[in-house]
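In UniProt numbering, the protein residues as written are 1 to 598. Built from N, CA and C at the ideal position, the CB exists for glycine as well. Values in this document were obtained by computation on a predicted structure and should not be read as measured data. Here is the structure we will look at, set down as structure tokens.
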Amino acid sequence: MNHGGNGGTEKTITLAADEHITSMEAHWDKKDKHTRVFYISFTTTTGQTIEGGTKTGNSGTATAPEGFVLGGFYGRADDEVDQIGAIWTRKTAKDIALNDPSGVGNNTYGTTIRNWVGPTIGKSKDTACYRKSMDFDSNNICPLGYSKDGDDCAARCPLSYPIPCGLECIPQNDDCVLAVLSKIGAVAQVALNVATANVFGSIRAAFKIAKWAVKCVRNTVEAIRGLIYYLRYRQTSAPVGDTAEMLAIAYQADVVLYDIPVAICTCLNIPVPKDAKFADYVLQIVEGIVKQAITNGDEIISTGANVMSLLSGNGLLNNSKTTVDELDELVAKNSSCGWQLKRLTDRVTRAVLKYRSVSTEVNDIRVKVYKSAIVLNDIPVVTNNCMGELLASKTITAAYETRDLLRKTFGVIVDQLIETGKTDGGKGVAKKDYMLEVSNMGLVMLSALDPTGIAYMASQFVQPICGPTAYVGEIDDGTLYDALGLKAMDEAFVGSYGSYTHAGDGVVHLIFESVDTKDVTVVVHSGGDQYAKVDVGAGDVTTWDATFPELEDKTMYLDRWRPGLFGLPGKGGGSLLMWIPRSSEGGHITMHVRINPS
């Protein structure tokens, strides 16, 4: 370790059988006007030390409490270490592994695997998802996973899109004010509407020019996507510009000056001028597209490109003819998982039909089914136990994705049964999702023209239906990162950590630990709604408690207000997200919320 240049000698230390690290010393100083860690040293229970770096005049020592040893680190780092702290763990504590034999639902179906939220359920693959709406039941109650929204029930926002924004949910760190419904979907649709209104003509005429239509849609959508991605890049790069700056940047970009106008000309079937002096009506269309992209799109942050897959599962289920049997075959090779899924399907069918036999009101049936053991326990447990066998041939990420795909499939089957009293055996799962998504873009007419062209391009901008949260189930003990999908974005809360236990006192205990130089207000959101505000002074430690019944089966989302330019409070700099599960044994969460300057 040699701060400020290359070199240094690698150092190691060998610990005896009962020897542990119980002390850490760190030195820091300024480098390029920023505080950096320059030196670090560790001491063991037998007095051994290992050190590296350059000592400075600023130092501190962290010592483990009695009975605790070094278990890990937290802090902030990139190319250099900005902050570092020690996490002390009880000496008697044991690591918890995903395949630990003790857990919720284990030994019930012959497989042992912990039910954790995992790292993938919170990853957004699009700019937003659409919230399904349901009516109240006869007692004015919403089904599990839905919240009252005016005159009906709207699906709660899932971990991958935790922020409600009208009829949509948007990803972590996004701002609904700048993503009002029309955002990218409307940007794409503006161009498509212009094209269909002015060029396509009737459906019959469109069939005759399908190849040309594909070219029009491809050019238009790709140009708009290029602008959105460019704005996202500028937004996520420091420093972040305001709307006026982003507008100026956009009008200097080739995608606005040339690509979008050319695409519009193509759609309107007019020649592209050689001198790039476009007609006024073309520029008016371009201006409308750019303004929507700036005002509604420049705050959208996506972790990946929009994808063709309508059921996101390991890249193997990308066609619209996917059936439940094919899903069984995918996971049943050399295993009993497929049989368990088939068995579960039969039980789901019987359970739903039982409720239908005593009630004819669909909304009453839905509320009862969503509260049944099938939904609360069986679907989460069986689909999670398939993870144990999936891990034999898949990466952990792919295994989680496949599990979540299976849960989404069962969600569709349950809804089919509730609404119709019968199911197509899942044969229309992908097709149904596809039609729902495409219809939201107003592209049902176009999807019939050329599946390999227009439908494919449309799917690149299709925003998915929000996945159900009802099938997450009860969660096993683990770290917040593994068990509850804890995810910090940007710098405000980096270094936060904690643990969850299935059995406990029913308390959600947050410890706010500030290393900031300014007072801040942390806003706690539950299920997308503002739940509480916690004032945390600069350098202070503040605690906040809530109970599981208040927060369970919903996302918990933290952001914070911090004084900025001219002392005015501003929202931004980062967010913290995790799932709050239900627990039949009370549950307990302890989370150390790190508050950093940013």
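DSSP links residue 489 through a beta bridge to 575.
Of all C-beta pairs linking the region 364-373 to the region 81-91, fewer than three are shorter than 8 angstroms, placing the two stretches out of contact. Considering only 535, 541, 471, 23, the residue with the shortest C-alpha distance to residue 563 is 535.
Shortest Cα-Cα distance from residue 39 to any of 21, 28, 48, 45 involves 28.
Here residue 410 carries a helix assignment [DSSP, helix/strand/coil]. By the Cβ test, the region 396-412 is not in contact with the region 162-175, since fewer than three Cβ pairs between them sit closer than 8 angstroms. Nearest neighbour of residue 546 by Cα position, chosen from 513, 559, 505, 160, turns out to be 505. Note on geometry: alpha-carbon atoms of residue 51 and residue 73 lie some 16 angstroms from one another. Rounded to the nearest angstrom, the gap between the Cα atoms of residue 379 and residue 516 is 44 angstroms. Taking 7 angstroms as the cut-off, the beta carbon of residue 526 is found closer than this to the beta carbon of residue 556. Note that the C-beta distance between residue 156 and residue 469 is below 7 angstroms. Residue 581 and residue 79 have their C-alpha atoms roughly 36 angstroms apart. By the Cβ test, the region 489-506 is not in contact with the region 401-418, since fewer than three Cβ pairs between them sit closer than 8 angstroms. Spatial neighbours of residue 70 in its own chain (CB-CB distance under 8 angstroms, excluding positions within 5 residues in sequence) are listed in chain order as 20, 21, 22, 24, 42, 64, 86, 87, 88, 89.
Shown here for residue 117: same chain residues with a beta carbon closer than 6 angstroms to its own, the five before and five after excluded, namely 484, 485, 579 in chain order. Straight-line measurement puts the Cα of residue 30 at about 46 angstroms from the Cα of residue 466. Taking each of 114, 93, 11, 18 in turn and checking the Cα distance to residue 387, the smallest one comes out for 114. Residue environment analysis places residue 61 among the exposed positions, since fewer than 16 neighbouring C-beta atoms fall within 10 angstroms of its C-beta. Looking at the backbone, the Cα of residue 370 and that of residue 152 are separated by about 17 angstroms. With contacts defined by Cβ atoms closer than 7 angstroms, residue 558 and residue 508 do not form a contacting pair. Residue pairing by DSSP puts residue 21 in a beta bridge opposite 44. Comparing C-alpha distances from residue 415 to each of 134, 511, 75 shows the shortest one belongs to 134.
Assigned with DSSP and collapsed to three states, residue 55 falls in coil, not helix or strand.
Taking all protein chains shown into account, residue 131 has 16 or more neighbouring C-beta atoms within 10 Å of its C-beta and is therefore buried. CA-to-CA, the gap between residue 46 and residue 496 works out to about 31 angstroms.
Going by C-alpha positions, residue 493 is about 14 angstroms away from residue 538. Residue pairing by DSSP places residue 83 opposite 76 in a beta bridge. Going by beta carbons, residue 374 and residue 348 fall inside the 7 angstroms limit. Put simply, of 163, 368, 286 the residue whose alpha carbon is nearest the alpha carbon of residue 139 is 368. Membership of residue 560 in the beta strand (DSSP E) is indicated by the continuous run 554-563. Judged by DSSP in its simplified three-state form, residue 71 adopts strand. C-alpha of residue 257 to C-alpha of residue 128: approximately 28 angstroms in a straight line. Distances from the CA of residue 67 to each of 18, 84, 77, 26 were compared; the closest alpha carbon is that of 18. With a threshold of 16 other beta carbon atoms within 10 Å, residue 260 meets it and is buried. In the DSSP assignment, residue 480 falls outside any beta strand (DSSP E) and lies within the alpha helix (DSSP H) extending over 480-483.
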